[in-house]
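Peer 1:
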Amino acid sequence: MRILIMRVTLRASWSHSLKEKRMVVRSIVQKLKNKFNISVAEVDNRDIHQSIVIGISAVCGDIGKVDSTMESIIDFIERNTDAEIIYIEKDDIVK
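At the far end of the sequence shown sits residue 98, using our numbering, and the numbering has no gaps.
Here's what the structure looks like:
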């Protein structure tokens, strides 16, 4: 069993308020949860209106599933939000 851990940082340069940012965050977090059945939350920079940092975790059976899940999540984020991905931190833990 492997545990996938990701931290994705996005830039929403068009966002001018925390209200706009939170609408985007809620939308992408809920879409990710529904599509992939993973744990997702905003984890940092909550008071900076142009920066979004989300943490993602999932349990996978093997390294192949970890890699394919990571790629699918990144593709999904790129297709479903106008925010630009600026940094991705990935890790997997063997249990």
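Positions of the beta carbon are idealized from the N, C-alpha and C atoms, including for glycine.
(1) Would you give the residue range spanned by the beta strand (DSSP E) that residue 57 belongs to?
(2) Cα-Cα, which of 32, 68, 66, 58 is closest to residue 12?
(3) Going straight from the alpha carbon of residue 78 to that of residue 4, what length do you get?
(4) For residue 32, which option in 7, 18, 60, 19 has the closest C-alpha, if you only look at C-alpha atoms?
(5) Which class does residue 4 belong to by DSSP, given the choice of helix, strand or coil?
Peer 2: So, from the listed chains and residues:
(1) Counting along the chain, the beta strand (DSSP E) containing residue 57 begins and ends at 54–63.
(2) Ranking 32, 68, 66, 58 by CA distance to the CA of residue 12 puts 58 first.
(3) Cα to Cα, residue 78 sits roughly 24 Å from residue 4.
(4) That would be 60, whose Cα lies nearest to the Cα of residue 32.
(5) Of the three classes helix, strand and coil, the one that applies to residue 4 here is coil, per DSSP.
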